[in-house]
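Here the structure is laid out as structure tokens; the discussion comes afterwards.
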Amino acid sequence: MFRHGKVFIAKLKNSSFKGSWRSRGSSAGERALQYTVGQKIHGFTVKEVTAVPDLFLTSVKLSHDATGAQYLHAARDDSNNLFSVQFRTTPMDSTGVPHILEHTVLCGSQRFPCRDPFFKMLNRSLSTFMNAFTASDYTMYPFSTQNAKDFQNLLSVYLDAVFFPCLRELDFWQEGWRLEHKTPTDPSSLLMFKGVVFNEMKGEFSDNERLYAQHLQNKLLPDHTYAVVSGGEPLAIPDLTWEQLKHFHATHYHPSNARFFTYGDLPLEQHLQQIEEEALSKFERAEPNTAVPPQKHWDKPRVDHVTCMPDALAPDPVKQNTLCMSYLLGDITDTFEAFTLSLLSSLMISGPNSPFYKALIEPGIGSDFSSSVGFDGSTRLASFTIGLQGMAEADTETVKHIIAQSIDDIIATGFEEEQIGALLHKIEIQMKHQSTSFGLALASYIASCWNHDGDPVQLLKISENVSRFRQCLKENPRYLQDKVQHYFKDNTHRLTLTMSPDERFLEKQAEAEEQKLQQKIQNLSHADHKDIYEKGLQLLAVQSTTIYAFVFILVFQGIILSSSCLDRNLPDMFQLWSDIFNSPHFDDEQRLRVLVMMSAQELSNGISYSGHMYAMTSAARTLAPTADLQETFGGMDQVKFMKRIAEMTDLASVLRKLPRIKRHLLNPENMRCAVNATPQKMSDAAGEVERFMGNIAANRKERKPVRPTVVERALDPQAASSASRKLISEPHFKPCQMKTYFQLPFNVNFVSECVRTVPFSHADYASLCILARMMTTKFLHGEIREKGGAYEGGATMGGGGLFSFYSDRDPNSTQTLSAFRGGVEWARAGKFTQQDIDEAKLSVFSAVDAPVAPSDKGLGHFLNGITDEIKQRYRERLFAVTDKNLIDVAGRYLGVGQQTCGVAILGPENESIRKDPSWVVK
């Protein structure tokens, strides 16, 4: 199940590339303002043109004359153009038909009948984003790119995929579900359920919190499409037929049921022309029966219970229950009411000073809020949920009472003006900070409201909503308290849902699946069995062409190169590597210019939403040799360097240097290799590596070596083991203190202070990790974000031995440095509890034991020398950290004058810093 995100600005990685054609002169927004209501453009009629100064864009709303398809264009001076088409998909069963259809339409279409054109385009496009989403009541297909021709190509692929898919039965079996032999080549092996979505949803339903959220929605909105699982309930998925899938496409994926959205600086006319010619001109108007009626309001609250599987790693085995109260709110198409309720939700639950945090989290009744807690505007009628996970069953009535009492307290006392002001200030900061993925954020933000025929443009008028909200508070000081009274105290449409572990949960699921399987098998004829076997072989043959099984990684001094291939392409891959090493071409200046521009633009774009990372990198550069290299190759130095290269009119001098750089970097004497392959192919892979190494060594000319200082160090200085590795040493590097200010055209600051401490293998490293996490959640968050108004703030301990403080999108600069120092004094004074320590340990452990992708297994050892033994010793040290350890390391390493530190700020012009001689201003 895809639940709509609550964050307005999505943080997504972007690439950069200038389009091959764009209108010049006036801005995209100014050009869009020239459209007039009633104007006809390529089969569309303009319905509304609105300037949205908050977001520096102009919206153009249109409708398609023949089919009634809705269209919204957001014209903005942003080269990262986005397209999205969404369909209202309202299933009435839990077979997962919209989810399986989302997968299947991307498996080939009339113009692009090859298998998986979508995934092929991922490797052949300059796109900055490509994906598809299935929500509870809509399916969306977005992409973004900065290249005009690429936009046209992707648009052709997307239009053909959604409107004219092949929907082959074979693809349905692969993506949805099928009966197949456990060993497809052995007809005597057992039959079983298989399928991408089938297995995906089994995984979803093994996640207790996701399972709870799904039940919560189904039971709170039981009258229509929200009562079913749009993604598919595993035991219901096998009831879906191929014919039903095709029928759902025919009735839901029609232009009359579509909403098109485009964003950016490319001309609207070309989009409309291409969409009309390649898709909409081939359809007539239809009347899709997809509307979601309002949920009938209950006359009294309801109570329900579900079970889940036990969590073997739960902090407290007897506290594995979840309890939430969920309230049905208003229609999300009432945009101002939804805006108000979203703000109200934040005031009630966000931050340590919020009423529900103080009432539910601080007493330690549960491990945390349930992941379902908060305002949910992803369904036609919004909802608000409050409750806990990780609680004892015995505390059920206590939690119910606390929730009811907290609501009464809010009605009686309301919220402090500072809290409301801080929240509105946060919204203002978010509007000023607009990421390079802004188009995708807008598409996601308006999707649910527009899906139910709400006004998407009204959603974008954020300042108007803020002003109206302020006016409501001015006219009625009890405005928010009245909302709480109406939507919570007096609301009879309230669901109290509890969840508890069942020791037989997995066993019962397996039994139910086996029963479903046997029902299917009993109805099979001899011909059906034969057909299943033959089609299983057919599908196996197709799948064998798309399985990746081999990963090869090369590491030089500071450079990592990697590739992956199919087993059968192993020799070809190493031949390509040999060509790269032995006969590269450095004569295409135009290609180099394109790459330089892409890199420079990407680096520049990245500062605005990763500024705190740049600040940390810069603050650390004078503290350690590796940090200095990181700043050179990935910090502000690199940003400015690539900008200088991009501004060069003649790149011939750069081209002349590339062969010399290549000879230095791709030197086999400085190279180490890692291979990741299946056990069956490891011998073949090792042989290819040996041949590759011999090939490049034979073609290498003898040159005077550039030998760095190499030292040998033990992998773990604390262990008796003699294991060691060779490291590059910088004997002349001397750590020093420096304060650097980067003056940039921002409205906010990015602040960091870094302190040189100890490396990963040191006994104190674990204590510093726990200290950083605890300081973030228990002190810095409140000081920097809640009080200071920054988007985020905290501390982190890096593997290279650097303890870093940071703030992100911060209205303050030097004041935040004082907050960092305040955090150190807070820790030195021991102003924390054992529960604070335990929570920090859990958080750190979750990162230490995060799942590792198959292709990444062993990389920690290969790249950083961290063996399983070292990692286990680190776990044991983490577990053993005490309050005395934390007070000790806070004083010895972080106290003023104890260790060398560096400071960096990225932000707007600052007169006091400019006049302070202790700062280096850049």
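If you count the sequence shown from 1, position 534 lands on 1113 in the numbering used here, and the numbers rise without skipping. Glycine is no exception: its CB is placed at the ideal position from the N, C-alpha and C atoms.
From 736, 1077 and 731, pick the residue whose C-alpha is nearest to that of residue 692; which is it? 736
Confirm, please, whether the CB-CB distance from residue 1333 to residue 1383 is below 8 Å. yes
Opening and closing residue of the beta strand (DSSP E) in which residue 1484 lies: 1480-1486
Three-state secondary structure (DSSP) of residue 1388: strand
Cut-off 6 Å between Cβ atoms - residues of its own chain near residue 1175, not counting five sequence neighbours on either side: 1224 and 1225
Measuring CA to CA, which of 644, 634 and 1356 is closest to residue 617? 644
Please determine, among 684, 1457, 961 and 947, the residue with the shortest C-alpha to C-alpha distance to residue 901. 947
6 Å Cβ shell around residue 1455 - same chain, five flanking residues per side excluded: none
Cutoff 6 Å; reference residue 1190; Cβ partners in own chain excluding five residues on either side: 1329 and 1485
Between the region 740-758 and the region 772-779, can you find at least three pairs of beta-carbon atoms closer than 8 Å? yes
Drop a sphere of 10 angstroms on the beta-carbon of residue 716, count the other beta-carbons inside from all chains shown, and report buried for 16 or more, exposed for fewer. buried
Taking its Cβ as the centre, do 16 or more other Cβ atoms sit within 10 Å of residue 676, making it buried, or is it exposed? buried
State the Cα-Cα distance for the pair residue 1420 and residue 829, rounded to the nearest angstrom. 53 Å
DSSP three-state label for residue 1271, please. helix
Give a yes or no on contact between the region 975-995 and the region 1085-1092, applying the rule of three or more CB pairs nearer than 8 Å. no
Pick out whichever of 1313, 976 and 1415 has its Cα sitting closest to the Cα of residue 1355. 1415
Where does the unbroken alpha helix (DSSP H) through residue 1463 begin, and where does it stop? 1462-1473
Can you give me the Cβ contacts of residue 812 inside the same chain, cut-off strictly under 6 Å, excluding the 5 residues immediately before and after it? 673
Is residue 768 buried or exposed, if buried means 16 or more other CB atoms sit within 10 Å of its CB? exposed
Less than 8 Å between the beta carbons of residue 887 and residue 787, yes or no? yes
Would you mind reading off the limits of the alpha helix (DSSP H) that contains residue 1035? 1035-1039
Per-residue DSSP class, three states only, for residue 708: strand
Write down every uninterrupted run of the beta strand (DSSP E) in the region 1046-1082 whose length is 3 residues or greater and which is fully enclosed by it, in chain order. 1073-1080
Here's the rule: buried if 16 or more other CB atoms are within 10 angstroms of the residue's CB, otherwise exposed. What is residue 1039? buried
Straight-line gap, residue 1205 to residue 1379 (C-alpha atoms, nearest Å): 8 Å
Beta-carbon proximity check, residue 681 vs residue 718, cutoff 8 Å: yes
Which of the three DSSP states is assigned to residue 651 in this structure? strand
Other residues of its chain near residue 804: CB distance less than 8 Å, five sequence neighbours each side excluded: 669, 670, 671, 715, 716 and 871
Going by Cα to Cα distance, which pick from 874, 834 and 1034 is closest to residue 802? 874
Between residue 1025 and residue 959, which are expected to be in contact by the criterion C-beta below 8 Å, what is the C-beta distance as a whole number of angstroms? Their Cβ separation, rounded to whole angstroms, is 15 Å, which puts residue 1025 and residue 959 out of contact at 8 Å.
Over the uninterrupted beta strand (DSSP E) stretch that includes residue 1233, give me the two end residues. Segment 1231-1244 is the alpha helix (DSSP H) holding residue 1233; no beta strand (DSSP E) there.
Can you say whether residue 602 is buried or exposed, counting buried as having 16 or more other CB atoms within 10 angstroms of its CB? A caution first: residue 602 carries a pLDDT of 48, below 50, which makes its placement in the model unreliable, though a value can still be read off. Result: exposed.
Can you check DSSP and say which residues form a bridge with residue 619? 624
In the DSSP output, which residue or residues are listed as bridge partners for residue 947? 968
Can you list, in chain order, the residues of its chain with a C-beta nearer than 6 Å to that of residue 1276? Leave out the 5 residues immediately preceding and following it. 1247
Taking all protein chains shown into account, decide if residue 928 is buried (16 or more other Cβ within 10 angstroms of its Cβ) or exposed. buried
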